[in-house]
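Numbering (my numbering), first residue to last: 293 to 1389.
Glycine included, each C-beta is placed from N, C-alpha and C at the ideal position.
From a predicted model like this one, the values you see are computed outputs, not experimental measurements.
I have placed the structure first, in the form of structure tokens, so that the comments after it can refer back to it.
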């Protein structure tokens, strides 16, 4: 038996049940295989499933297929036909993977694609539930699908093939790394500066510092290129260039802010390059005295015609634009070659008079050092040269139009930087080795025998240019911007090179700006820009973006002062470079496992240095432009942060949040708890947060920005259904908390009983020092009608909290907390409204269908409209009546559920601090009073005392609170807490507990024992007698609360504690009921009897 493993091991993925291998059985083939195996060394495995499967995991290749397999492994993605999956000589097969029945699929790239991937179709692997749960018995696998697998076919492969076939039919154009990246970057980097300013730069700085200036600029772009390469190879890159790279690395805030100004900078750059081209044309017209109007208007006319022509090339499609770029590159290369050829062609008298003497060692030596003039210095000359080194993102900006952006961007960008840098350095050295700094241009300024000379290299070559020291000269490196034209073999070719450099840069910017802007609009980072997201044609061309770029470019050509705007544009590009470098550093620093760039030649600290270098260069070029750039970027960053676009790109910012949170949590574990740093960290049993909003609101009031709040829900019932419901609702409920600005976490558990679930939460919730120390629970209002097990669970939870040394807060409001009934009715009404709207839409569609002409059709239409209006009106009336009924019925409940969201008016928070629990009873209301909604409420303190020591007790309490630095409005000493309650109150209490009493004293011994066994939860006479004084106290406290605190905004009261095994559940619930009955909102608080307040500093 032999088995050939290959990637194509799946059945139809639409079936999504069995993922299978086909295993051949052929005795002859088996013998051959055994012979082959015999020649190999024995292979030992730790685990063997069966004797037959000894050699099944070996991969066998057909002749000549080994290279294909290696390529598949290296590239990670090949067409499925590139490997022969299995040899099948018989129709016997098993539904098996690696020799045993399973739904487990083998690894395949299609499982990892995003939905809607353009490079292939996403396949859903079987879920863990499908693999883990029992296999359904009614699974049918068609023979046809198995045969397709046996023949090396699968639906995924078919779909991919179809998509690729459609791609070929529509003529979808994708570029390789040469035409897509290398050509564009070289054209964009080589600009007008190469031909008209490089000679001046090397004249000012000299060869030595000139080369350093070029290398310094190259260092900035090289580091940025390395960072760009690292980011571009860390996953699939789509359209958007610099914006895409930054936004997917640092998030929408950084990406959105830089994307907009980067697109704008490219749009204005079109105007700059076009004006440079127009100025050159106007100079030629001026020389031939053929100006159309005047210089400035001619620049506008020529600029407008040029932009229209470039727009036509761009709109025609990327293929035409790419062809134009190739032609322009050829012209540019010919122009550069023309210059180098000119340097070796023997010079003539006219050129010598203008300072050109071919290669001379004396000229090289003289021009090696700097000679800064006219207030220029190293950094000012560097600022003039640096824009000539930019343009490295020209290829990355059309990342969506590249065949393989991951390999094209690094290869093309880095090679372009190397080639252009060599060209800049070569041109600078050659020019400075052939041409002197100053020349008169006068052929008669030659050295006459016996004439003294200033010792310059020109003197040694027979020319006297000494008068240039005292008066301006028109020629030489320092004075003539057309040195390259003079030196070249054929001057007009340099002019053609200038045209090529300007037009190619303008064309690249005209394509880049709409592409980047389209990607930005597609992500909907700025809500008002969706209009520009639409693409047209086979390449999804951003025609609307082209028009917008054209309008911006025309505006700056016609009305703007480009000399003013140019430094800002340069700074916009530098800001993009800085953020790309910072993105690479940030992604590395965050240590996210998802940061795995295929490009390895980068370093996080070098990237950080590059980011800082870019920021420094921004100020070197123009300090006020740098400040304007930072201000615009900061404004856009704040705007995007405020709007919070609903995107999740797995940015390094998110990764760093996690790392910082983890580091902080770990650091916190080394810090010992101190009473001064105590804060309530609450486990609130809210269930789903939206079901008990009032309970969440009051808890949030004293934990917001101060402590931990975890909203907990316990699912009970069949485990499978519970876990499924719990998992499906986790994100939704946490999202509800975030949307409603509740700084809380949501946690849920599935358990056999409510008490078991809460017990798990009490023990396992939190992380390190951030663990709950207080349980917050709503009062069980229905305890008298609820089953005994529910009451037992409820009281048991309080006991468990005390066992785990947590404080307990029980909150009671008159209407209760649960509004699930209201939410359910609202949901049903919303469904009815949606159905009504859908019905109306359907009726309207039917009413205006074609073919309903004529008198019969007219009356039919009128009848339908009349009926539909009547039905709609009737349905609307029913809905209105239902809404009114529900609204009236639940009005009080809805008002109660929002009472803690409202600002509390002037009033009091009454604190009945009867027992010292460590200070939690006094700390909670104090925290409330420092909140905006509760700041108008004053604290009134009530505590027990003796009649003959009222004033002393007041002074003691006032002294204690002043030491705790807690302000209070009044202190009341209650002296009659321990007297018996009045008869009516006690009678009410007895009637309340009557259904839960055992009355064993009225029955014989046998009957009483039997009743105790059958109903152990009932209140015995002995228990009631033993705790009669405590019962009196709870009833009496309610009378005092009614007397003193009926008008309070909130009552905070010491929670009575029931001894385990001594006080029955129903007696304890009766205490809580009578204690908090008919009162404003009540917080019954009991700390864990550890200090939470201190008066020490």
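- Please state whether DSSP places residue 876 in a helix, a strand or coil. helix
- Item | Buried/exposed call for residue 1368, threshold 16 Cβ in 10 Å | buried
- Query: Pick from 1132, 1186, 1051: whose alpha carbon is nearest that of residue 1117?
  - Reply: 1186
- What residues match up with residue 1005 in a beta bridge as DSSP calls it? 1040
- Task: State yes or no: is the C-beta of residue 876 within less than 8 Å of the C-beta of residue 519?
- Result: yes
- Query: Can you tell me whether DSSP reads residue 658 as helix, strand or coil?
  - Reply: helix
- Can you list, in chain order, the residues of its chain whose CB lies under 8 Å from that of residue 887, leaving out five sequence neighbours each side? 526, 879, 880, 944, 947
- Item | Rounded straight-line distance, which links the Cα of residue 828 to that of residue 835 | 7 Å
- Message: Quick check: the Cα distance between residue 688 and residue 696, rounded to an integer number of angstroms?
- Response: 11 Å
- In terms of DSSP beta bridges, what is residue 648 paired with? 727
- Message: I'd like the list of long-range same chain contacts for residue 621, defined as Cβ closer than 8 Å, with 5 residues on each side in sequence excluded.
- Response: 475, 478, 479, 792, 796
- By DSSP, does residue 765 sit in helix, in strand, or in coil? coil
- If you count every other CB in all the chains shown that lies within 10 Å of the CB of residue 992, and 16 or more means buried, which is it? buried
- Message: Which complete alpha helix (DSSP H) runs does the stretch 792 to 875 hold, if anything under 4 residues is left out?
- Response: 835 to 850
- Using the C-alpha atoms, what's the distance from residue 698 back to residue 528? 7 Å
- Have a look at the DSSP bridge pairing and note the partners of residue 976. 1003, 1068
- Rounded to whole angstroms, how far is the Cβ of residue 503 from the Cβ of residue 711, which I believe are closer than 8 Å? Not really, about 16 Å apart at Cβ, beyond 8 Å.
- Item | With 16 other Cβ atoms within 10 Å as the buried cut-off, status of residue 1007 | buried
- Can you give me the Cβ contacts of residue 1312 inside the same chain, cut-off strictly under 7 Å, excluding the 5 residues immediately before and after it? 1290, 1292
- Beta-carbon proximity check, residue 967 vs residue 1384, cutoff 8 Å: yes
- For residue 1226, which of helix, strand or coil comes out of DSSP? coil
- Query: Can you name the start and end residues of the beta strand (DSSP E) that residue 1344 belongs to?
  - Reply: 1342 to 1346
- Message: Quick check on residue 1092: does DSSP put it in helix, strand or coil?
- Response: helix
- Item | DSSP three-state assignment for residue 413, whether helix, strand or coil | coil
- Message: At the level of alpha carbons, what is the spacing between residue 567 and residue 685?
- Response: 22 Å
- How many angstroms separate the CA atom of residue 756 from the CA atom of residue 650? 17 Å
- Query: If you run the structure through DSSP and keep just helix, strand and coil, what is residue 602?
  - Reply: helix
- Item | Nearest-angstrom Cβ-Cβ length linking residue 495 and residue 692, presumed shorter than 8 Å | Incorrect: roughly 43 Å between the Cβ atoms, too far for contact.
- Coarse secondary structure for residue 1236, derived from DSSP in three states: strand
- Query: To which residues does DSSP link residue 467 through a beta bridge?
  - Reply: 694
- Boundaries of the beta strand (DSSP E) in which residue 1099 is found, first to last residue: 1099 to 1104
- Task: May I ask you to report which of helix, strand or coil DSSP gives residue 955?
- Result: helix
- Just curious, the beta strand (DSSP E) that residue 1376 is in, first and last residue? 1374 to 1378
- Query: Do the CB positions of residue 1100 and residue 1347 come within less than 8 Å of each other?
  - Reply: yes
- Item | Opening and closing residue of the beta strand (DSSP E) in which residue 1204 lies | 1199 to 1204
- Closest Cα partner of residue 1229 within the set 1260, 1209, 1207, 776: 1260
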